[in-house]
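Structure first, then comments.
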Amino acid sequence: MISYKILWIDDDQAILESAGRLFRQHPWTLCTAAKADDARELLLRETFAVVVADQGLQAATGVDILEFAKARAPTTTRILLTGGVEMSVIEQAVNRGHVFRFVTKPWNNDQLVVDIAKAIEHHKLKMAESSLLREITLQNRKYEQLTSGLEQLVNERTVTAERSKVEVEKQLTNLRELVRFIKDLSNLTSPDELMGLIRKEVRAFHDVRPPVLGYVDAERGPMLLYFHGKQAIAHLARVIWSNRSRIRSGEEEDRNYLMSEFGRTFLNKVLAVPLKRRAAAGDHETEPPATLFFEHALADEGVDRFLSFISERLQPLSIALDRILLDLHLKYTSRQWESTFDGIKDPIAVIDRDFTVVNANRHFCSDLDANRIAGRPCHQILASSESMCRGCPVPTTLTTGKPQKGQIRRGNRIYEVLSYPIRLHDNLISTSFINHYVDVTEARELDGRMVQNEKMAAIGLLAGNIAHELNNPLTGIRSLAQVLLAELPPGQLHDDINEVERAAGRSQKIIENLLDFSRGGTEERQVRISLNEIVRRTLPMLKTAIREHRSEILLCEQEGEIRVEPHLMQQVVFNLVNNACQAMKDPGTITIETDIEEGKCRLHVKDTGVGIPSEIIESIFEPFFTTKEKGQGTGLGLSMSRQVIEKFGGDIAVESQVGQGTHFTVCLPLVGIVAESASRTEKRAGA
Ligand SMILES: Nc1ncnc2c1ncn2[C@@H]1O[C@H](COP(=O)(O)OP(=O)(O)OP(=O)(O)O)[C@@H](O)[C@H]1O
Ligand SMILES: [Mg+2]
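Just so it is clear: in the sequence shown, position 18 is 29 by my numbering, and no numbers are missing.
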């Protein structure tokens with residue numbers, strides 16, 4: 012607990028003692044002074060809560076002391092002790108000493124204690140007030156300091172902000188310029204256009220001449236692109252000067268390079284800007300270098316400005332050039348591929364998984380008369396069909412993922428199709444196919460002909476042997492019969508022998524025909540011969556085949572002549588009749604008929620056999636097309652027949668009804684009619 016100090020000043024010792032006695036009961040510390048000087052000294056040394064001063068001191072008045080106390084410590088509460096109430100004293104006390112209370116002698120003890128206690132309260136208030144004031148003053152000072160610091164900071168910041176606003180605007184303008192430049196770059200498609208843009212960009216630098224660009228063109232090699240007036244000119248360079256590392260200005264070697272390439276002097280300095288090229292895909296080497304050269308007369312400061320201008324644009328420029336050159340490279344390689352494919356004499360097409368033609372070479376379009384190819388299915392282009400061609404290897408290529416071979420037909424041409432899967436990625440699924448079409452029609456026909464020749468040669472050999480073997484006995488029979496005829500008188504026996512002689516003669520004729528038939532390619536001459544005669548000559552060889560069936564031979568009254576190689580025409584008749592017989596599982600009727608209509612000689616071969624289903628009727632003239640069991644038919648009969656007929660200027664047609672029968676019609680140009688007598692004779696001979 013604080014013990015408040017009280018200073019009592021009075022020159023009357025009794026008063027001081029009575030005050031001491033009174034205060035002993037209270038928690039106050041009393042100090043006393045009898046003289047004014049002692050009081051002043053005490054007031055200078057110590058601080059008191061309350062000062063009580065008697066007005067009537069010797070060397071000074073109480074008011075003097077209280078004034079001193081106030082000046083010394085304003086928080087000290089001051090009480091004036093007076094003998095009586097004099098107005099002048101009160102006035103002084105108020106004006107000079109700011110007295111808290113007046114206490115008159117003799118005092119009332121209780122009242123004095125109350126007054127002193129109040130004075131101490133007053134002192135405490137004053138103290139609190141003064142400490143608050145001090146605190147406020149301190150805070151004020153701090154606040155002032157802070158305010159002035161803040162002001163300074165705000166001032167500094169304002170200056171910086173203004174400066175950076177200008178800076179930011181400048182940067183923004185720069186950035187906008189750059190964005191515009193990059194946009195412009197993205198629309199360029201050639202180095203010429205690129206050069207045009209660079210030239211426009213650097214126009215603001217008056218001492219910089221239009222650029223020169225050195226790069227490697229995929230097709231033409233090292234190039235220097237420069238301006239002649241407004242025109243960008245491509246100059247074939249000997250080498251491409253490259254110093255990839257940095258932008259450099261005023262170096263002799265750059266100028267020397269340009270001088271040696273262009274064969275002229277460069278008076279100004281040269282600034283060389285290497286443009287970085289992307290690393291080629293899958294390649295560790297970077298693409299061939301490119302360099303921009305600027306001839307300039309810039310001062311050092313100008314060079315710096317120009318350098319920073321170019322440096323900012325360096326990366327977009329490099330990327331744009333890279334893209335343009337890559338694009339040109341791609342176009343060049345794709346042109347190379349195209350001309351390679353076009354150079355191949357066979358049709359080649361890239362086909363999608365759904366049979367759509369994606370791309371094709373020149374021969375595919377010209378050989379297959381395909382004007383519009385892209386987007387159309389291959390079978391529509393090749394065979395005007397809505398479904399896949401018979402024999403197409405693509406489905407097998409699709410399922411196996413391996414190259415396959417197949418054979419398709421287009422009109423009367425046969426194509427071998429080599430189908431190669433294209434796999435763009437490492438997975439097993441092919442994205443598309445390359446189909447290579449090889450026209451094998453001639454080769455197949457040659458094969459067919461060779462087989463036929465072999466067949467014919469074998470028959471010829473056999474027939475030759477048989478003819479040889481039979482001819483001798485037949486000659487014996489005929490000559491003996493003739494001898495007998497000469498010796499026998501007319502009568503029944505003579506007639507019989509005559510019949511034997513004629514039969515032996517007919518047999519010899521048949522052998523002759525057989526020899527003719529089998530002689531094949533050895534006799535290549537075309538002769539005029541009646542169609543009826545061809546039929547008559549062939550019939551004996553068909554007797555065995557026809558035997559099981561009913562046959563109707565309806566030969567035209569008029570002997571219409573055609574120009575053919577007889578043995579080949581006989582083969583046609585033989586094939587048609589043979590097919591007809593084979594088509595009739597049960598005994599049926601075969602009709603062989605000839606007629607003449609509109610300048611044509613026609614042969615009809617009709618049967619009442621199984622007929623030909625419509626889905627295969629288109630194919631029956633194809634070489635090797637057969638429905639017969641393996642070893643039963645080669646599938647060459649009809650194809651050879653059509654070939655022979657077309658060779659003699661004719662054509663062959665077929666009509667058929669499944670389960671009812673088939674009707675083949677052969678038409679050949681009529682070249683004349685055999686004279687009546689001859690015709691009759693032949694007819695008799697055939698009868
Ligand atoms: N008259 C016919 N009736 C029914 N089908 C026929 C008739 N003629 C031909 N064909 C069909 O045409 C196919 C081809 O005939 P082609 O004569 O070319 O060969 P092939 O008779 O099968 O064999 P090859 O003639 O070599 O013995 C036959 O397999 C058969 O399916
Ligand atoms: Mg046949």
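Even for Gly, the Cβ is constructed at its ideal location relative to N, Cα and C.
Nearest to MET651 by alpha-carbon distance, out of THR602, GLY670, GLU609 and GLN581, is GLN581. If only complete runs of 4 or more residues are kept, the region 610-666 shows the alpha helix (DSSP H) at 625-628 and 648-658, in order along the chain. Taking HIS374 as the centre and dropping the five residues before and after it, the same chain places the C-beta of ASP353, ILE355, LYS356, ASP357, PRO358 and ILE359 closer than 8 Å to its C-beta, in chain order. Inter-segment contact for the region 154-171 and the region 105-118 is absent: fewer than three beta-carbon pairs are separated by less than 8 Å. In the three-state reduction of the DSSP assignment, GLY402 falls in the coil class, being assigned neither a helical nor a strand state.
For the pair ARG613 and PRO577, the CB atoms are not nearer than the 9 Å cut-off.
In the DSSP assignment, MET234 forms a beta bridge with TYR226 and LEU247.
Inter-residue distance for LEU149 and MET138 is about 16 Å (C-alpha atoms, whole angstroms). Near ligand 2, meaning a beta-carbon closer than 5 Å to one of its heavy atoms, we find ASN590 and GLY648. Taking C-beta atoms as the reference points, VAL369 and CYS403 fail to come closer than 9 Å.
When DSSP states are grouped into helix, strand and coil, LYS413 belongs to the coil group. When only Cα atoms are considered, GLY313 and ARG259 end up about 14 Å apart. Taking a contact to require three or more Cβ pairs closer than 8 Å, the region 104-115 and the region 73-84 qualify as touching. The Cβ-Cβ distance between LEU54 and ALA84 falls below 9 Å. DSSP places THR676 within a strand segment (E or B) once states are collapsed to three. Closest in alpha carbon position to LEU393, among LEU269, TYR448, ASP506 and GLU510, is TYR448. According to DSSP, TRP39 shares a beta bridge with TYR15. In this structure, THR600 has its beta carbon at no less than 8 Å from each heavy atom of ligand 1.
Burial of ASP618 is indicated by the presence of at least 16 other C-beta atoms within 10 angstroms of its C-beta.
Under DSSP, ALA64 takes part in a beta bridge, and its partners are ILE20 and LEU91.
Of the candidates GLY620, SER630 and ALA128, GLY620 places its Cα closest to the Cα of GLY672. Ranked by Cα distance from THR276, the options GLY502, GLU263, ASN198 and ARG288 are led by GLU263. Rounded to the nearest angstrom, the Cβ distance from HIS340 to ALA229 is 4 Å, consistent with a contact under 8 Å. The region 201-212 makes no contact with the region 172-184: fewer than 3 CB pairs, one atom from each, lie closer than 8 Å. Excluding five sequence positions before and after ALA283, the CB atoms of its chain that fall closer than 6 Å to its own CB belong to ARG259, ASP265, THR302 and PHE304, given in chain order. For ALA45, no alpha helix (DSSP H) run applies, since DSSP gives it neither H nor E. With distances taken between CA atoms, PRO634 lies nearest to VAL451 out of LEU318, SER201, VAL451 and VAL100. In the structure shown, ASN370 falls within a strand segment according to DSSP collapsed to helix, strand and coil. Annotated as distal: VAL223 and LEU164, with beta-carbon spacing of 9 Å or more. Residue pairing for ALA283: DSSP places it in a beta bridge opposite ARG259 and PHE304. Judged by DSSP in its simplified three-state form, PHE444 adopts strand.
In the DSSP secondary-structure assignment, HIS239 is bridged to GLN242. For GLY160, the enclosing alpha helix (DSSP H) has its first and last residue at 120-197. Each residue's CA atom was taken as its position, placing ASN423 and ALA385 some 25 Å apart.
Annotation for VAL575: no alpha helix (DSSP H) segment contains it, though the beta strand (DSSP E) segment containing it runs 571-575. Pairing ARG191 with LYS153, the inter-Cα distance amounts to about 54 Å.
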